[in-house]
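To start, the structure under review is shown below, and the notes come after it.
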Amino acid sequence: MRRKLVAANWKMNGSKAEISALANAFVQGIEVASVDVAVFPPALYVEQLAGILAGTGIEFGVQNVSAAEKGAFTGEISMSMVKEFGCHYVLVGHSERRELFGETDAQVAEKVAATLEADLVPVLCVGETLAQREAGVTEQVVAEQVVAVLERVGIESFTRVVVAYEPVWAIGTGKTASPEQAQEVHAYIRSLLAQRDANVAQQCRLLYGGSVKASSAAELFAQEDIDGGLVGGASLIADEFTAICQAAKGA
Ligand code: 13P
0 MRRKLVAANW KMNGSKAEIS ALANAFVQGI EVASVDVAVF PPALYVEQLA
50 GILAGTGIEF GVQNVSAAEK GAFTGEISMS MVKEFGCHYV LVGHSERREL
100 FGETDAQVAE KVAATLEADL VPVLCVGETL AQREAGVTEQ VVAEQVVAVL
150 ERVGIESFTR VVVAYEPVWA IGTGKTASPE QAQEVHAYIR SLLAQRDANV
200 AQQCRLLYGG SVKASSAAEL FAQEDIDGGL VGGASLIADE FTAICQAAKG
250 A
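If you read the sequence shown in numbering that gives the first Met the number 0, its first letter stands for residue 0, the second for the next number, and so on.
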């Protein structure tokens, strides 16, 4: 039985005051007894967030990391820095990083490898654009993104890697994939893993992301191959995110 994971991706939002209010509301409202919860703040606020979440069971991580160890990489953050501040998770290959910052499958695979080597949990984001869905190549696109990582880190690592399926057309658009559309791709991703190792495929957690709201979460999380969610906009509203975590408990 895979334990559900609900993750908040705050993207480039927040201030000290907002992060304090939101994190404290999460601590008050979220029960972590039967669901894993992770928060991805902008990296500058990790230390502040760590202080608020200490001892609560709510984990946190960064939205991006460098695969390089250290040195002349202006603007980047290294894995040892991420570890030093107590992060448990690293978001890798979000579609905004792929699209806006040109991250390639090969770079994403290196970041997943570096995260695993550091004993942290990578949340690998994959997903197709609207044009790709309309062209009927959703499965090929997702397969390429997953296989690039599989070939770098091996199937055994996918007992630890979390995969987040985030159709690009559903991100920030209010257009959630239907539970059936999401389940179809999740089942496909699990089958891709199962071709290499059925046991690992059963253990790997697959999250859905893209306009998840409290009103849509329960039905999404009830799907056989959906093991939780990666939530953007709705994770900036304490009551919404708390309710989404609650929905995962019942699913
Ligand atoms: P929204 O929930 O705002 O659509 O964002 C999804 C996302 O990109 C999470 O990583």
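Glycine included, each C-beta is placed from N, C-alpha and C at the ideal position.
Because the structure is a prediction, the values reported are computed rather than measured.
Would the beta-carbon of residue i be found less than 6 angstroms away from any heavy atom of the ligand 13P?
{"i": "glycine 232", "result": "yes"}
{"i": "leucine 48", "result": "no"}
{"i": "serine 325", "result": "In the structure as shown, the chain begins at 0 and stops at 250. Residue 325 is therefore absent and cannot be evaluated."}
{"i": "glycine 227", "result": "no"}
{"i": "asparagine 12", "result": "no"}
{"i": "glycine 60", "result": "no"}
{"i": "glycine 209", "result": "yes"}
{"i": "isoleucine 170", "result": "yes"}
{"i": "asparagine 8", "result": "yes"}
Does residue i come out as helix, strand or coil in the three-state DSSP assignment?
{"i": "alanine 37", "result": "strand"}
{"i": "alanine 71", "result": "coil"}
{"i": "proline 166", "result": "coil"}
{"i": "leucine 90", "result": "strand"}
{"i": "leucine 229", "result": "strand"}
{"i": "glycine 50", "result": "helix"}
{"i": "asparagine 8", "result": "strand"}
{"i": "glycine 209", "result": "coil"}
{"i": "glutamate 109", "result": "helix"}
{"i": "glycine 60", "result": "strand"}
{"i": "leucine 123", "result": "strand"}
{"i": "lysine 248", "result": "helix"}
{"i": "phenylalanine 84", "result": "coil"}
{"i": "methionine 78", "result": "helix"}
{"i": "threonine 128", "result": "coil"}
{"i": "isoleucine 29", "result": "coil"}
{"i": "lysine 3", "result": "coil"}
{"i": "threonine 137", "result": "helix"}
{"i": "threonine 103", "result": "coil"}
{"i": "alanine 117", "result": "coil"}
{"i": "serine 14", "result": "coil"}
{"i": "aspartate 238", "result": "helix"}
Is it the case that the CB of residue i approaches a heavy atom of the ligand GDP more closely than 6 angstroms?
{"i": "serine 77", "result": "With respect to the ligand GDP, the structure shown offers nothing to examine, as its ligands consist of the ligand 13P."}
Is the Cβ of residue i closer than 7 angstroms to any Cβ of chain C?
{"i": "arginine 204", "result": "In the structure shown, chain C does not exist; there is a single protein chain."}
Please confirm if the segment 221-237 is in contact with the segment 176-191, defined as three or more CB-CB distances below 8 angstroms between the two stretches. As far as the Cβ criterion goes, the segment 221-237 touches the segment 176-191, which means the pair count is three or higher.
Sufficient close CB pairs (3 or more, under 8 angstroms) joining the segment 66-79 to the segment 46-55: Result no; under three Cβ-Cβ pairs closer than 8 angstroms.
Counting only runs that start and end within the segment 141-206, where is the alpha helix (DSSP H) found for 4 or more residues in a row? Look at the segment 141-206 and you find these whole runs of alpha helix (DSSP H), each 4 residues long or longer: 178-193, 197-202.
Assess contact between the segment 151-159 and the segment 191-199, defined as three or more Cβ pairs (one per stretch) separated by less than 8 angstroms. Is contact present? Because the criterion of three Cβ pairs below 8 angstroms is met, the segment 151-159 and the segment 191-199 touch.
Between the segment 91-104 and the segment 134-153, do three or more beta carbon pairs fall short of 8 angstroms? The way I'd put it, the segment 91-104 does touch the segment 134-153; three or more beta-carbon pairs between them come closer than 8 angstroms.
How about the segment 230-245 and the segment 213-221: do they share at least three Cβ pairs that are nearer than 8 angstroms? Short answer: they touch.
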